[in-house]
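Numbering-wise (the UniProt record's numbering), the sequence shown opens with residue 1 and increments by one. Positions of the beta carbon are idealized from the N, C-alpha and C atoms, including for glycine. As the structure is a computational prediction, the values presented were derived from the model and not from experiment. Have a look at the structure below, then the notes.
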Amino acid sequence: MSIAVSVAKAGLVRGRSELRHTFTNFQDLWGYVFPAGILLVVMLLQRGATVGPTGFSLGATTLPGAIGMSIAFSGLMSVAAQLITEREDGTLLRNKAIPHGMTGYMIGKIVLTIGMSVVSLLLLLIPGMIIFDGVQMGIAGAVTLVWVFVLGMAATMPIGAVIGSLFSNPTSMGFVMLPMMGLIGISGIFYPIGKFPEWLQGIAEVFPIYWLGLGMRSSMLPDSLASVEIGQSWRHLETFGVLGAWAVLGLVLAPIVLRRMARRESGSAVASRRERAISRRG
1 MSIAVSVAKA
11 GLVRGRSELR
21 HTFTNFQDLW
31 GYVFPAGILL
41 VVMLLQRGAT
51 VGPTGFSLGA
61 TTLPGAIGMS
71 IAFSGLMSVA
81 AQLITEREDG
91 TLLRNKAIPH
101 GMTGYMIGKI
111 VLTIGMSVVS
121 LLLLLIPGMI
131 IFDGVQMGIA
141 GAVTLVWVFV
151 LGMAATMPIG
161 AVIGSLFSNP
171 TSMGFVMLPM
181 MGLIGISGIF
191 YPIGKFPEWL
201 QGIAEVFPIY
211 WLGLGMRSSM
221 LPDSLASVEI
231 GQSWRHLETF
241 GVLGAWAVLG
251 LVLAPIVLRR
261 MARRESGSAV
271 ASRRERAISR
281 RG
């Protein structure tokens, strides 16, 4: 067995093991169920409102956008939070000491994050399609959902790894959450942004969250709903292009930043972070 195959196999085993662990940990299960429940309640409250002149339920329109948002959160925030936490507790340093350990570690995180994202997606998709009339998904819609999901993961996970490499303790995540919430607000997750000022639309179109929401809406909603989107179109080609560009950018930057972070890991650095963590909790 070649080294590459052995490392990949170790990473897959690690990822499956961590994913199984999340299903036996109450805190992790709550992290799956609670956000999905809150989003479904919000969408139920929106069910009586309609989207512009279409007469279509705003709650049903929000469902695919919320799924796109959950993919972005999993790829960006989950990967970043895991890296920061495991830098602090010494997990990264232990993997660094193993030949090809960092490669296997990252493969495991990819498996874990994709698995978590699929669970989060299904927790919204299955009850949402039961609750909301008009949400539909044929073969073409299912294909669209799959390629948007895969490309969305590829676009967000490497950037999440870069973010996690730049911060050294979990409290720093607040600096990431604030702009993230701002982007969600302008990305059409809870209401179409076709009436927003053009400069605000332009900002939203730079980042993956808008395109993930748009791609998911195109997979689940009637074609008539494209009339309230920018350009009155689902813009599949642009969705593929922007998410693909973020994926390429992340795959170029992430290995460079991760190697630099790994070189800086040492026993003294871990000990220092542990002392700061203890002082925060104390």
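| Asked | Found |
| --- | --- |
| Please go through the same chain and pick out, in chain order, the residues whose beta-carbon is closer than 8 Å to the beta-carbon of S168, but skip the five residues on each side of it. | I84, R87, E88 and R273 |
| Look at the Cβ atom of I67, then the Cβ atom of L29, and state whether they are nearer than 8 Å. | no |
| Taking only beta-carbon positions, decide if A81 is within less than 8 Å of chain B. | Among the protein chains of the structure shown there is no chain B, as only one such chain exists. |
| Taking the straight line between their C-alpha atoms, what separation do you get for L19 and P197? | 42 Å |
| Going by alpha carbons, who is nearest to R14 out of G250, T62, T103 and G55? | T103 |
| Determine, using beta carbons only, whether L258 and S172 come nearer to each other than 8 Å. | no |
| Grab me the residues of A60's own chain with a C-beta within less than 6 Å of its C-beta, minus the 5 sequence neighbours each way, in chain order. | F132, G134 and V135 |
| Return yes when the Cβ of P208 is within less than 8 Å of the Cβ of A72, no when it is not. | yes |
| Quick check: S137 and S74, are their CB atoms within less than 8 Å of each other? | The question names Ser, but residue 137 is Met in the sequence shown. Not closer than 8 Å, so no. |
| What does DSSP give as the partner residues of T50 in its beta bridges? | S57 |
| In terms of residues, what are the limits of the alpha helix (DSSP H) holding A140? | I139 to L166 |
| For the candidate residues G152, H100 and Q82, whose alpha-carbon lies nearest to that of V5? | H100 |
| Grouping DSSP H, G and I as helix and E and B as strand, with all else coil, what is S2? | coil |
| Measuring only the C-alpha atoms, how far is P179 from M153? | 20 Å |
| Candidates L45, V41, R47 and G31: which alpha carbon is nearest S78's? | G31 |
| Between the C-alpha atoms of G48 and G37, what's the straight-line distance to the nearest angstrom? | 19 Å |
| Helix, strand or coil: how does DSSP classify R20 here? | helix |
| Apart from the five residues just before and just after G128, which ones in its own chain have a Cβ nearer than 6 Å to its Cβ? | L63 |
| For A155 versus A247, is the C-beta distance shorter than 8 Å? | yes |
| My output table needs one value for K96: the three-state DSSP class, helix, strand or coil. | helix |
| Which value, in whole angstroms, describes the spacing of the CA atoms of G160 and S227? | 33 Å |
| For I110, name the three-state secondary structure that DSSP assigns. | helix |
| Are three or more beta carbon pairs between the region 109-123 and the region 199-214 nearer than 8 Å? | no |
| Leaving out five residues on either side along the sequence, give the residues of the same chain with a beta carbon under 8 Å from the beta carbon of F23. | L29 |
| Going by DSSP in three states, G32 sits in which element: helix, strand or coil? | The question names Gly, but residue 32 in the sequence shown is Tyr. In this structure, Y32 counts as helix in the three-state DSSP scheme. |
| Check each candidate in G250, E229 and G215 and name the one with the smallest Cα separation from L237. | G215 |
| Among the residues of its own chain, which have a CB less than 8 Å from the CB of G55, if the five just before and after it don't count? | none |
| How long is the line joining the alpha carbons of V111 and V206, rounded to whole angstroms? | 27 Å |
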